[in-house]
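A short worksheet on the structure shown next.
Chains as they are written, first to last, in the numbering used here: chain A, 1 to 263; chain B, 1001 to 1235.
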């Protein structure tokens, strides 16, 4: 009597089949195929999505600063030191995000329209709205999951400096920040039809804003919102970033919808 | 029609779901990182399997391991034509579908497309510079020039508009035709000098005399309605 054993390959195939089933049910199979072929089609592209995580973790692990134990108020110094470690992770993670957004959104997103590859997929039955939403959600979910994953690791490694409440607020601030940056990147991309120019302008705006050390400035609050996790206007920053981000995404979609695409 | 360009005014109602439209553009930008097998799988995934019992890759002579980026112009055109055969398309839009194809494969592919159209009962919009391709797919033809309709040709009742005759010795042949009181007209086609005659029934006598004198008939072809219209437009 022969017995059939379930291999990992069988399980993966079954999971994939289930995914395909739901994608077809939602009517996003074509858009998914288009996104795979237009946006994330090489292994380099796939691994590039994890670039912010690598940036953040490397910056955290190789941070050269050491705590000065000779002076008093050791506990406070330790807390500040650990907090700084976490924000170093967050800052470098964000630099990674900016690199990704500059490449994927402001450069590549404009490039696929210029070289007619997007036009070919649109002619093959891809729905513009579904594709736009799929790419934004795909990009954001990848970034958000890797950010939370990295932050959990760093926070655990760092003696859990944040309480759960603070941790949630920091994550919420970074997510709203990502929504804002993604919205800005798409808006720049849709407004300027030249891939190199839109990539350069977005990188320039981001670099100037992220290097602004004035804690009370608007650009600091928008681009480095996690630093304001325990300030009086945390909620305002959270709401404001989300509103601006979503408005920019909607405006980008409006511009995207009106655009003539060549085949 | 495909939603790529915003209309300046008006709407076009096709009555066809977008997923049932197949497009073969003039310069198809295929996903170059895929190989032929992966492209086949992608199309199957998007539109469903090939409904007919044909092996597309063998007919098109495309090796499954070849990358789309490495294909020649003709092979790329074949890969771009592949979507037509997947699922049940209701509308097929083709722009110069047989560009870059060699004569043998062109004939085979045109037959395949024709069979596919019959089987799926799909409609076709074709832009082509080849009159034989247009005649193969259409029964009614609208000729456009600079956005204006300049001719409406029906191929349903293809009454012959005369015949083109090409021979090796035109001087002798013209003398023979005159001897038989056969009216003719000298014209020039892409093939060079030809004689246009209208009455085919009276041609065989002069032709017999001509060949008896050592003349050779190169070509005898009917002038189609479409060809005649295009001739009128160019003159």
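All C-beta atoms in this analysis are idealised placements derived from N, C-alpha and C, irrespective of residue type, glycine included.
Sequence-distant Cβ neighbours of residue 116(A) in its own chain, meaning closer than 7 Å and more than five residues away, are 262, 263. For the pair residue 11(A) and residue 21(A), the Cα-to-Cα distance works out to about 15 Å. Looking from the CA of residue 53(A), the closest CA among 183(A), 186(A), 152(A) belongs to 152(A). Between residue 41(A) and residue 1032(B), the alpha-carbon positions lie close to 10 Å from each other.
Residue ranges of uninterrupted alpha helix (DSSP H) with 4 or more members are absent from the region 176 to 206 of chain A; none lies entirely inside it. Nearest in C-alpha terms to residue 1045(B), of all of 246(A), 32(A), 48(A), is 32(A). Contact check for residue 255(A) against residue 166(A) fails: the beta carbons are separated by 8 Å or more. Within chain A, the residues placing a beta-carbon under 8 Å from that of residue 1019(B) are 30, 125, ordered along the chain. The Cβ of residue 42(A) sits closer than 8 Å to at least one Cβ of chain B. Chain-order list of chain B residues neighbouring residue 110(A): empty, with the shortest C-beta distance near 16 Å, by a criterion of under 9 Å. Residue contact with chain B for residue 258(A): present (Cβ-Cβ distance below 8 Å to some residue of chain B). The C-alpha of residue 1021(B) is placed about 9 Å away from the C-alpha of residue 1088(B). For the region 1038 to 1069 of chain B, the residues whose beta carbon sits under 7 Å from a beta carbon of chain A are, in order, 1042, 1045, 1046. Rounded to the nearest angstrom, the gap between the Cα atoms of residue 1017(B) and residue 155(A) is 51 Å.
Here the alpha carbons of residue 230(A) and residue 143(A) stand approximately 24 Å from one another.
Counting every other CB atom within 10 Å of its CB across the protein chains shown gives residue 228(A) a total of 16 or more, marking it as buried. Chain A places a beta carbon closer than 8 Å to that of residue 1002(B), counting this residue as a contact. Between the region 97 to 106 of chain A and the region 174 to 192 of chain A there are three or more inter-stretch CB-CB distances shorter than 8 Å, so the stretches are counted as touching.
Taking the Cα of residue 1172(B) as reference, the smallest distance to any Cα among 1199(B), 1208(B), 1145(B), 1200(B) is reached at 1208(B). The Cβ of residue 26(A) sits no closer than 8 Å to any Cβ of chain B. Taking a Cβ-Cβ cut-off of 9 Å, residue 107(A) has no neighbours in chain B, whose nearest Cβ is about 18 Å from it. Cβ-Cβ separation between residue 1117(B) and residue 1014(B): approximately 16 Å, too far for a contact (criterion under 8 Å). In this structure, the alpha-carbon of residue 1068(B) lies about 10 Å from that of residue 1080(B). Burial of residue 1206(B) is indicated by the presence of at least 16 other C-beta atoms within 10 angstroms of its C-beta.
The C-beta of residue 1025(B) comes closer than 8 Å to at least one C-beta of chain A. Assignment of residue 1090(B) by DSSP, reduced to helix, strand and coil, places it in the coil class. For residue 1163(B) and residue 1099(B), the gap between their C-alpha atoms comes out near 28 Å. Cβ-Cβ separation between residue 122(A) and residue 1002(B): approximately 7 Å, consistent with a contact (criterion under 8 Å). Looking at the DSSP output, residue 1163(B) bridges to 1197(B), 1222(B). Using a Cβ-Cβ cut-off of 8 Å, residue 1031(B) counts as an interface residue toward chain A, since at least one Cβ of chain A sits closer than that to its own. Residues of chain B whose Cβ lies closer than 9 Å to the Cβ of residue 119(A) are, in chain order, 1002, 1004, 1025, 1029. Between residue 1168(B) and residue 1216(B) a beta carbon distance of about 4 Å is seen, short of the 8 Å cut, so the two are scored as contacting. Contacts with chain A at 8 Å (Cβ-Cβ) do not include residue 1089(B).
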